[in-house]
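Numbering (the working numbering), first residue to last: 8 to 450.
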């Protein structure tokens, strides 16, 4: 073993003590320093007495030679390792009320450092707790667990709120530490997944070969739609340059779409911000709040069942959806879908969600989030609360009715499709089954 350690100085006693304990243990003399090993009795042989004396001398020499020359006068007149250890300990950590108060202040002000692991932070707390115990001050178990979660970063907010609701017998330092280490591993995995996604998103996008140069569409043509409340800056225009620019522009110019539902792998339940989506709604009778990841709270105004329908006739139900008008997005909890037996298949910037062999919906990657766009909600009469997860299978005749052609306003679809040429819409309207028969509005 390498015995070269930094000698004891006036400002490195804690680290020197740990290194010195390792050396004394390696030389099998630490029990002598602590006074736990008694000298041989009178009936012992001379060889045993001589061996014990050599070990005592080795204990003292190990301590003395690892003390700086400025501090060696403290133990210059001592020849026993136990007394030398006690003198040094009293010099740096005197047993007084002031030291106890200082350690208590150090304990309650101990914070986790930036990018510090939970295990290392817990080790620092354990060291302070052990020093307090040496001074005769025992820290209660609940205070130990409280200090462990007191100054954690905001990303641990959800797990901290869950820990606060634990029973009293489970709120201990060790159990809280195990839970935090597991949460730390989960957050690191999520961070690695996001980094991989960001790396893939930086690749050049494939651009289409469709020639749109023949379509003469100056910006002022937008005004012919007679759409009030819109201006030229509300429409995205492709800029010349690298094909990578679309990702940056999509992230910057993204707006909160009330009809979009986001798949959230961290959400504990489903959330909705619009009352119109609910087919069954039960107002909240007591004040409850949602704890967000940034430590903000939103009031829970009720919960119920939401029906999500798609233009292809597919629909399904989300039960126990929490309603709060103050949240910005509608969220589908991926863990809840997984508990219900759903299967996720992701490829080509899309996630398909299946219930057995039946596909429920498809979510598309947009600005770093997987979003699905069901049909906008309509004002319907509230039905029973206990609704099954998926809609009952209809007969073939009922399914055929879903695709009966409907009439529509060509100007309205012209606006929905980003103001492309109306001739192109009419010529390609039959390519998708279920789209309405378009006709020009009488304006």
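Even for Gly, the Cβ is constructed at its ideal location relative to N, Cα and C.
Reference residue 64; option with closest CA among 44, 184, 56 and 87:
87
Near residue 46, what residues of its chain come up, given a Cβ to Cβ distance below 7 Å and the 5 sequence neighbours on each side ignored?
59
For residue 367, which residues from the same chain have a beta carbon less than 6 Å from its beta carbon, with the 5 sequence-adjacent residues on both sides left out?
323 and 360.
Would you mind working out which of 371, 364 and 346 sits nearest residue 358, comparing C-alpha positions?
371
In angstroms with no decimal places, state the Cα-to-Cα distance between residue 314 and residue 351.
20 Å
Between the C-alpha atoms of residue 421 and residue 432, what's the straight-line distance to the nearest angstrom?
Going from the Cα of residue 421 to the Cα of residue 432 covers about 8 Å.
Considering just the uninterrupted stretch of the beta strand (DSSP E) at residue 370, what are its terminal residues?
365-373
Closest by C-alpha distance to residue 297, when choosing among 274, 316, 270 and 39
If we check each option's Cα against that of residue 297, 274 comes out closest.
Closest by CA to residue 327, which one among 341, 127 and 311?
311
How many angstroms separate the CA atom of residue 67 from the CA atom of residue 80?
14 Å
Mind checking residue 333: buried by the 16 CB within 10 Å criterion, or exposed?
exposed
Could you tell me the distance, in whole angstroms, from the CA atom of residue 124 to the CA atom of residue 172?
24 Å
At what residues does the beta strand (DSSP E) containing residue 342 begin and finish?
Taken as a continuous stretch (DSSP letters only), residue 342 belongs to no beta strand (DSSP E), being part of the alpha helix (DSSP H) at 341-346.
Tell whether a beta-carbon distance below 8 Å holds between residue 20 and residue 28.
no
Could you please give the first and the last residue of the uninterrupted alpha helix (DSSP H) stretch that includes residue 107?
104-115
With three or more C-beta pairs closer than 8 Å as the rule, is the segment 175-191 touching the segment 158-166?
yes
Apart from the five residues on each side of it in sequence, which residues of its chain come closer than 8 Å, Cβ to Cβ, to residue 110?
For residue 110, the CB contacts under 8 Å within the same chain, skipping 5 residues up- and downstream, are 135, 138, 139, 142 and 144 in chain order.
Secondary structure of residue 173, DSSP reduced to three states:
Coil, per DSSP.
Relative to the ligand HEM, is the shortest distance from any of its heavy atoms to the C-beta of residue 70 smaller than 7 Å?
This structure lacks the ligand HEM; in fact it carries no ligand of any kind.
Separation of residue 292 from residue 382, as counted between CA atoms
30 Å
Buried or exposed: which applies to residue 128, given that a residue is buried once 16 or more other Cβ atoms fall within 10 Å of its Cβ?
buried
Opposing strand residues paired with residue 316 [DSSP bridges]
322
Can you look up residue 64 in the DSSP assignment and give me helix, strand or coil?
helix
Could you name the residues that DSSP lists as bridge partners for residue 353?
The beta-bridge partner set that DSSP reports for residue 353 consists of 358.
Is residue 84 helix, strand or coil by DSSP?
Reduced to three states, the DSSP call for residue 84 is coil.
State the DSSP-derived secondary structure class of residue 279, mapped to helix, strand or coil.
strand
Less than 6 Å between C-beta atoms, sequence neighbours within five positions excluded: which residues of the same chain meet that for residue 191?
125
Just curious, the alpha helix (DSSP H) that residue 23 is in, first and last residue?
20-33
Apart from the five residues just before and just after residue 94, which ones in its own chain have a Cβ nearer than 8 Å to its Cβ?
Result list for residue 94: 81, 82 and 85, in chain order.
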